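Quick notes on the structure that follows.
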Amino acid sequence: MGLFLLNNIYKYKLMSFPKLRIIALIIIILSFSPVFALSFCPRCNYRISSDDLKCPKCLLMLNSDWSQTIPVKSTISVRQGYDAFIRHPHANNRAFKADRNAGGDKTGEIGVWGGPCTLRYLVKFDIATAMDYYGISISDFNPKKALLYISAIKNKSEIEMPVVVFPLVRGFTPGYDVFRTRERNAKGCTWYNATTAMPWKREGGDFEKKCFSRGVIKSGCRNVIDVTEVIKYFYKNSKDKNEWDAPGLIIMSDPSNPFAPSGFVTIYSLDADDYSLRPELFIQ
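Numbering-wise, numbering that gives the first Met the number 0 puts 72 at position 73 of the sequence shown, and it's gapless, one number per residue.
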């Protein structure tokens, strides 16, 4: 485009116009700029440039030649995995009673309803697959920082919910897309079971009490929680095995916070339609 414009300017002797000369020069410079080397995201069709390592809109990692330039020691972005919302039987909010332990939910609640910490969120990030994608071995990687991003739906009360994140010591299975299935028919994890056939040793989830991270989830925001200590706990238990052993995270309202509000925040899950609203784990 730049060469075509330059050729026509000289052909028709238009360089005698000062303003046109400046405009032409700007266009020529920009036409060779990497920013203008545009294409479209294969998932959401959003415009991207050759410098983008992931789509600015849906955050899809771009499987192209330039994605191979990611440094080996860069931050790992983990978006794959599975999750589940579990409820204590006392959390009998009529609007959600039939959805107590369903699978395949696009949104769910964390907080207090009918008792402390009765609405909990379990999420298992596939860290091993992400490390393979980035070409990183656990023997070459020592996590220094880990951030968990969670998006919450805006509500009228605009609750700020203090939460605590614990590492699970027992894995779980999500519901098998049994949307709005009552607890007695639910498949996968519930308040009582880690899987359909295996109960938790402690109702509400088996987790390591001595290791945790605290944060706040505010409705209507993309929230960030520093989960460095939890990820380091998983790394410590995984390094000797030379493979990631991370059963998942469990997030609940912070029972030690005397100012924790009654109620809940509604967050987007890994099944949310909008990829940019799904939970994401960054490890550096």
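Each residue gets a CB set at the ideal place from its N, CA and C atoms; glycine is no exception. No experiment lies behind these values; they were computed from the predicted model shown.
Rounded to the nearest angstrom, what separates S255 and P115 at their Cα positions? Within the sequence shown, the letter at position 256 stands for residue 255. Within the sequence shown, the letter at position 116 stands for residue 115. The straight-line gap from Cα to Cα measures roughly 10 Å.
Alpha carbon of G262 to alpha carbon of W112, nearest angstrom: Numbered from 1 along the sequence shown, position 263 holds the residue referred to as residue 262. Numbered from 1 along the sequence shown, position 113 holds the residue referred to as residue 112. Each residue's Cα considered, the two are about 6 Å apart.
What are the start and end residues of the beta strand (DSSP E) that includes N241? The sequence position of residue 241 within the sequence shown is 242, counting from 1. Premise fails: N241 is in no beta strand (DSSP E) and is neither H nor E.
Of the residues I249, D253, D131 and R78, which one's Cα is nearest the Cα of D270? Mapped onto the sequence shown, residue 270 falls at position 271. Of the candidates I249, D253, D131 and R78, the one whose C-alpha sits nearest the C-alpha of D270 is R78.
Enumerate in chain order the residues of its own chain whose CB-to-CB distance from G80 is below 7 Å, with the five nearest sequence positions on each side excluded. Residue 80 sits at position 81 when you count from the first residue of the sequence shown. The answer, listed in chain order, is V122, K123, F124, D125 and L269.
If distances are taken between C-alpha atoms only, which option among M251, S48 and D239 comes closest to I137? Along the sequence shown, read from residue 1 onward, the residue named residue 137 stands at position 138. The residue with the shortest Cα to Cα distance from I137 is D239.
Taking only three categories from DSSP, how would you classify L276? As a position in the sequence shown, residue 276 is number 277, starting the count at 1. Looking at L276 - three-state DSSP - the assignment turns out to be helix.
According to the neighbour-count rule (16 or more other Cβ atoms, all chains shown, within 10 Å of its Cβ), is H89 buried or exposed? Looking up residue 89 in the sequence shown gives position 90. Exposed: under 16 other Cβ atoms inside 10 Å.
Give the range of the alpha helix (DSSP H) segment to which T128 is assigned. Within the sequence shown, the letter at position 129 stands for residue 128. Segment I126 to Y133, the alpha helix (DSSP H) holding T128.
In this structure, does DSSP put K105 in helix, strand or coil? As a first step, residue 105 is located in the sequence shown; it is residue number 106 there, counting from the start. Coil, per DSSP.
So, F206 versus P142, is the Cβ gap smaller than 8 Å? Residue mapping note: residue 206 aligns to position 207 of the sequence shown, counting from 1. Residue mapping note: residue 142 aligns to position 143 of the sequence shown, counting from 1. Not closer than 8 Å, so no.
Quick check: what's the CA-CA separation for R86 versus S48? Taking the sequence shown and counting its residues from 1, one reaches residue 86 at position 87. Taking the sequence shown and counting its residues from 1, one reaches residue 48 at position 49. Straight-line Cα distance between these residues: approximately 44 Å.
Label S218 either buried or exposed according to how many other C-beta atoms from any shown protein chain fall within 10 Å of its C-beta, with 16 as the threshold for buried. Position 219 of the sequence shown holds residue 218. Per the 10 Å Cβ criterion, buried.
Can you tell me whether N154 is buried or exposed, with buried defined as 16 or more other CB within 10 angstroms of its CB? Working through the sequence shown from its first residue, we reach residue 154 at position 155. Flag for N154 reads exposed.
Per DSSP, which residues does P142 bridge with? Please list them. Working through the sequence shown from its first residue, we reach residue 142 at position 143. P142 is not bridged to any residue.
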